[in-house]
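Numbering (this note's numbering), first residue to last: 22 to 170.
See the structure below:
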């Protein structure tokens, strides 16, 4: 029997911009992570030259590709300042996918890495309830996926 190997959780990490060695810090409390990889397209209708009266068929032209990330979870007090500093700026991020293997850290499955612009940093605060945070990241250039060894 063959079953898929699933990611059980993900960590979003933000780079500090240092050179030559950039340090990445985990955005603590981000428990739900969404990763959307899409392409931008345009349609064109193309007729068959050998059958000019036949209805044209759609051809899809890929114009670009992008990856968008969302993270949501608990509000970590120290990350509020991190979100403010990152909002609207291109910074390097990593999203690490993990498998729950019974250890404290989990087994790394692989990493998405790219420059992203944080386009939203939302806080939800409820009197007498839990505070939550949500961020949205838009790719700013190409990205990579590196499977763990």
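All residues carry an ideal CB built from backbone N, CA and C; glycine is no exception.
Query	Result
Touching by the beta-carbon criterion (3+ pairs, under 8 Å), the stretch 83–97 and the stretch 149–169	yes
Beta-ladder partner(s) of residue 187, from DSSP	Any property of residue 187 remains undetermined from this structure, which presents the chain solely from 22 to 170.
Nearest to residue 60 (by Cα), restricted to the options 131, 81, 67, 72	81
Cβ-Cβ distance between residue 154 and residue 95 below 8 Å	yes
Buried/exposed call for residue 31, threshold 16 Cβ in 10 Å	buried
6 Å CB neighbourhood of residue 138 in its chain, flanking five on each side removed	111, 159, 161
Supposed contact pair residue 35 and residue 48 - C-beta distance, whole angstroms, cut 8 Å	6 Å
Buried versus exposed call for residue 149 [16 or more other C-beta atoms within 10 Å across all chains shown]	exposed
DSSP beta-bridge partners of residue 144	154
Nearest neighbour of residue 130, chosen from 77, 74, 28 [CA to CA]	28
Residue 116 vs residue 133 beta-carbon contact at 8 Å	yes
Cβ neighbour criterion (16 or more within 10 Å) applied to residue 22	exposed
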